[in-house]
Structures are given as C-alpha cells and as structure tokens.
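Asks:
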Amino acid sequence: MITTARSIHRRQTIQRLGFALVTLTAVLTIIPILFILGYIFYRGMPAISWEFISSFPTDGLKAGGIYPAILGTILLTFVTTLFAVPIGIGAAIYLSEYAADNRWTRAIRIAIINLAGIPSVVYGLFGLGAFVIFLKLGVSILAGALTLGIMTLPVIISASEEALRAVPQSFRVVSISLGGTRWQTIRRIVLPQALSGIMTGVILGLERAAGETAPILFTAAVVYKPTLPSSLLSPTMALPYHLYTVATQVPGMPEAYQYATALVLLVLVLGLNMLATFIRARARAHRQW
Numbered sequence: 000m001i002t003t004a005r006s007i008h009r010r011q012t013i014q015r016l017g018f019a020l021v022t023l024t025a026v027l028t029i030i031p032i033l034f035i036l037g038y039i040f041y042r043g044m045p046a047i048s049w050e051f052i053s054s055f056p057t058d059g060l061k062a063g064g065i066y067p068a069i070l071g072t073i074l075l076t077f078v079t080t081l082f083a084v085p086i087g088i089g090a091a092i093y094l095s096e097y098a099a100d101n102r103w104t105r106a107i108r109i110a111i112i113n114l115a116g117i118p119s120v121v122y123g124l125f126g127l128g129a130f131v132i133f134l135k136l137g138v139s140i141l142a143g144a145l146t147l148g149i150m151t152l153p154v155i156i157s158a159s160e161e162a163l164r165a166v167p168q169s170f171r172v173v174s175i176s177l178g179g180t181r182w183q184t185i186r187r188i189v190l191p192q193a194l195s196g197i198m199t200g201v202i203l204g205l206e207r208a209a210g211e212t213a214p215i216l217f218t219a220a221v222v223y224k225p226t227l228p229s230s231l232l233s234p235t236m237a238l239p240y241h242l243y244t245v246a247t248q249v250p251g252m253p254e255a256y257q258y259a260t261a262l263v264l265l266v267l268v269l270g271l272n273m274l275a276t277f278i279r280a281r282a283r284a285h286r287q288w
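Residue 253 in numbering that gives the first Met the number 0 sits at position 254 of the sequence shown, with consecutive numbering throughout.
#1: Count the C-beta pairs between the segment 157 to 173 and the segment 133 to 144 that are closer than 8 Å, then say yes if the count reaches three, no if not.
#2: Comparing C-alpha positions only, which one of Ala275, Gln248, Ala208 sits nearest to Val120?
#3: What does the alpha-carbon distance come out to for the pair Leu203 and Gly87?
#4: Taking Gly251 as the reference, give the member of Ser229, Ala144, Asn113, Ala62 with the closest Cα.
#5: According to DSSP, is Gly143 part of a helix, a strand, or is it coil?
#6: Please go through the same chain and pick out, in chain order, the residues whose beta-carbon is closer than 7 Å to the beta-carbon of Val300, but skip the five residues on each side of it.
#7: Met236 and Gly71 - do their beta-carbons sit closer together than 9 Å?
#8: With 16 as the cutoff for other CB atoms within 10 Å, does Met150 come out buried or exposed?
#9: I want to know whether the segment 89 to 100 touches the segment 142 to 159 - three or more CB-CB distances under 8 Å.
#10: Taking the Cβ atom as the reference point for each residue, do Ser195 and Thr184 lie within a distance shorter than 9 Å?
#11: Please confirm if Leu269 has its CB atom under 9 Å from at least one CB of chain B.
#12: Leaving out the 5 sequence neighbours to the left and right, which residues in its chain are closer than 6 Å to Arg186 when beta-carbon positions are compared?
#13: Looking at the secondary structure, which residues open and close the alpha helix (DSSP H) in which Glu50 lies?
#14: Just list the residues that DSSP pairs Pro118 with in beta bridges.
#15: Can you tell me the Cβ-Cβ gap for Ala115 and Thr218, rounded? I've got them flagged as a contact below 8 Å.
#16: Note down, in chain order, each residue of its chain lying with its Cβ closer than 6 Å to the Cβ of Thr57, except the 5 sequence neighbours on either side.
#17: Indicate whether Val221 and Leu60 have their beta-carbon atoms separated by less than 9 Å.
#18: Do Ala91 and Leu163 count as a contact pair if the criterion is CB distance below 9 Å?
#19: Just verifying my parser: in three-state terms, what is the DSSP assignment at Thr305?
#20: With DSSP as the reference, please indicate the residues paired to Gly63 in a beta bridge.
#21: In this structure, does DSSP put Ala99 in helix, strand or coil?
#22: Look at the Cβ atom of Gly123, then the Cβ atom of Ala83, and state whether they are nearer than 9 Å.
#23: According to DSSP, what are the bridge partners of Thr235?
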C-alpha cells in the first residue's frame with residue numbers, strides 16, 4: 000500500500016510539473032505576441048482616420064490613405080478563395096473518401112506536405128513564369144490570385160482531409176445501410192460534421208494569402224495606381240506590398256503611417272481569424288460526435 004501511494008504521489012507530482020511547464024511555455028509565447036500587437040496599436044492608432052481608410056495615397060505615398068491597397072487585398076483574397084477552396088476541398092474529399100490507400104496516394108500526400116513548406120517567393124517566381132508570361136495574363140489580380148491559390152492549396156487539402164478522416168466511420172456505415180449513396184453520405188453527413196476542421200484549414204490558408212508579399216510582388220501588385228482596378232486583368236495595390244514599400248523604399252516616410260498600415264493589415268487578418276472562430280464554433284455546436 001505504501002508503495003502504491005508513493006507511486007500515485009510521484010505521478011501526480013510529474014503531472015503537476017508537466018502542466019506548469021506547458022503553462023510557462025504558453026505564457027512565454029503569448030507575452031511577446033501581445034507586446035508586438037500592443038506596440039503596433041500604440042504607434043499606428045494615432046494615424047488611423049476615415050481619410051486614411053478611404054482615400055488614395057498622395058505626396059509620393061507619404062500622405063493620404065490606403066484605400067486602393069485595402070480593396071486590392073480584399074479582391075486578391077476573394078478571387079483566391081473562389082479558386083482554391085473548391086479545388087482544395089474536392090481534392091481532400093477524393094483522397095479521404097474515394098482514393099485507395101496505396102503507394103500513389105501516399106506519394107501524393109507526401110508531395111502536398113512538402114508543397115506546404117515551400118517558401119512563398121518560389122510560388123511567386125512560378126506564378127511569374129506560368130501565369131504572367133506563359134498564359135499572358137500580365138501583372139494582374141487574376142495572375143496573383145491563381146498564384147496565391149496554388150500556394151494555399153496544400154494547407155487547405157491537408158486540413159480538410161484530416162477533418163474528413165476524423166468523422167467516425169460508423170456515420171458512413173449507417174447512412175449507406177439506410178440506402179444512401181456514397182456522394183449523398185459525403186454531402187449530407189460527412190461534410191457537415193467535418194465543417195469546423197475544414198474551415199480552420201481554409202482560413203489558415205487565406206490568412207497566409209492575405210499577408211504574403213513575395214507572390215504578389217511578381218504577379219499582381221504595383222507600388223502606386225491612380226485608379227481602382229477595372230477588371231481581374233488589371234494590376235492592383237495591396238496592403239502587404241504597400242507596407243513593404245512605405246517601410247523600406249520611401250525616404251522620409253512618417254513612422255505613424257507605416258505602423259497604421261501594419262495595423263490595418265493586422266486587423267484584416269485577425270478579422271478573418273475571428274470569422275473562422277465564429278463559424279467553427281457554430282459548426283461544433285451542431286456536431287454529433
């Protein structure tokens with residue numbers, strides 16, 4: 000009995016130490032992030048105004064607003080969504096529900112994982128060669144969105160496939176035993192139950208797309224454009240590239256303008272995150288497992 004009590008006490012001590020270590024690691028991770036967010040907010044908030052949000056840049060980008068860059072980022076993200084989400088979820092459904100588990104599918108999964116780790120500048124160079132030059136789309140919203148879509152596909156496919164595989168197999172068995180086809184089972188049972196995980200992957204991919212500079216540097220973004228884009232084949236300003244420009248390429252740029260631009264980009268990305276959290280919470284509330 001004494002040995003058993005000591006063993007239990009030892010396990011409890013190890014458990015408490017492990018919990019304390021995990022908590023300390025989380026705190027040490029969160030504090031720098033909160034400091035960075037607070038510093039950007041403190042330095043950028045004084046320059047935020049309606050004019051800053053709704054007007055065009057003036058005086059060689061040193062004054063005015065960032066409205067064209069905001070609109071360009073939203074357009075690029077929206078078109079990227081139209082391209083990447085259906086293809087990514089469709090590929091995940093095929094790999095999870097239809098494809099056999101063999102060397103070919105395992106090789107595809109390894110390739111998808113490897114593609115997720117490729118630097119964004121490589122995707123930018125690929126987009127430059129494939130879309131801007133070969134397909135003759137020029138520097139345009141469409142070329143940039145296609146490049147960003149290819150860059151986000153590995154994240155969307157991997158997360159969606161994992162979410163689909165997490166749905167209990169019993170759901171599929173019951174649906175098919177009641178006369179449902181495989182596609183009816185996927186559409187009406189599996190997809191709704193996996194929606195929270197799928198949304199996580201989609202938003203992670205789109206957040207990366209919204210904040211990337213290198214891919215749009217080669218394919219879509221320009222330093223300054225006096226008019227708004229007239230079509231998907233027009234170039235556009237974008238917040239990440241605009242932030243890079245005002246932070247490194249424009250001498251005498253007021254620091255408040257730089258931090259305000261970073262703050263707007265940060266709010267846009269965090270807004271996507273909050274939207275994903277809301278949708279994920281609602282999906283989990285209706286999940287039946």
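Backbone N, C-alpha and C define an ideal beta-carbon position, used for all residues, glycine too.
Replies: Concretely, from the data shown:
#1: Inter-segment contact for the segment 157 to 173 and the segment 133 to 144 is absent: fewer than three beta-carbon pairs are separated by less than 8 Å.
#2: The sequence position of residue 120 within the sequence shown is 121, counting from 1. Nearest of Ala275, Gln248, Ala208 to Val120, Cα basis: Ala208.
#3: Indexing the sequence shown from 1 puts residue 203 at position 204. Indexing the sequence shown from 1 puts residue 87 at position 88. Per the coordinates, the alpha-carbon of Leu203 lies some 13 Å from the alpha-carbon of Gly87.
#4: Along the sequence shown, read from residue 1 onward, the residue named residue 251 stands at position 252. The residue among Ser229, Ala144, Asn113, Ala62 with its C-alpha nearest the C-alpha of Gly251 is Ala62.
#5: Reading the sequence shown from its first residue, position 144 is the one you call residue 143. Residue state, collapsed to three classes: helix.
#6: Because residue 300 is not part of the residues shown, which for the chain are 0 to 288, the question remains open.
#7: Sequence index remark: in the sequence shown, residue 71 carries index 72 (1-based). Sequence index remark: in the sequence shown, residue 236 carries index 237 (1-based). Yes.
#8: Within the sequence shown, residue 150 is the residue found at index 151, counting from 1. Burial call: buried.
#9: yes
#10: Taking the first residue of the sequence shown as 1, we reach residue 195 at position 196. Taking the first residue of the sequence shown as 1, we reach residue 184 at position 185. Taking 9 Å as the Cβ cut-off, Ser195 and Thr184 do not qualify as a contacting pair.
#11: Protein chain content of the structure displayed is limited to a single chain, and chain B is not contained in it.
#12: Walking along the sequence shown from the start, residue 186 turns up at place 187. No residues qualify anywhere along the chain.
#13: Against the sequence shown, residue 50 aligns to sequence position 51. Where Glu50 is concerned, the enclosing alpha helix (DSSP H) stretches over 49 to 53.
#14: Against the sequence shown, residue 118 aligns to sequence position 119. Pro118 is not bridged to any residue.
#15: Stepping through the sequence shown from its first residue, residue 115 is reached at position 116. Stepping through the sequence shown from its first residue, residue 218 is reached at position 219. Between Thr218 and Ala115 the Cβ distance is about 20 Å, and since that is not below 8 Å, they are no contact.
#16: What you label residue 57 is simply residue 58 of the sequence shown in a count that begins at 1. Answer for Thr57: Gly63, listed in chain order.
#17: Taking the sequence shown and counting its residues from 1, one reaches residue 221 at position 222. Taking the sequence shown and counting its residues from 1, one reaches residue 60 at position 61. Going by C-beta atoms, Val221 is not nearer than 9 Å to Leu60.
#18: Working through the sequence shown from its first residue, we reach residue 163 at position 164. Working through the sequence shown from its first residue, we reach residue 91 at position 92. Yes, Cβ-Cβ distance for Leu163 and Ala91 is below 9 Å.
#19: In the structure as shown, the chain starts at 0 and stops at 288, and residue 305 therefore has no counterpart that could be examined.
#20: By 1-based counting over the sequence shown, the position of residue 63 is 64. Beta-bridge partners of Gly63 (DSSP): Pro56.
#21: Taking the sequence shown and counting its residues from 1, the one referred to as residue 99 is at position 100. Correct three-state label for Ala99: coil.
#22: Taking the sequence shown and counting its residues from 1, the one referred to as residue 123 is at position 124. Taking the sequence shown and counting its residues from 1, the one referred to as residue 83 is at position 84. Not in contact: Gly123 and Ala83 (Cβ atoms no closer than 9 Å).
#23: Residue 235 sits at position 236 when you count from the first residue of the sequence shown. Partner(s): Ala220.
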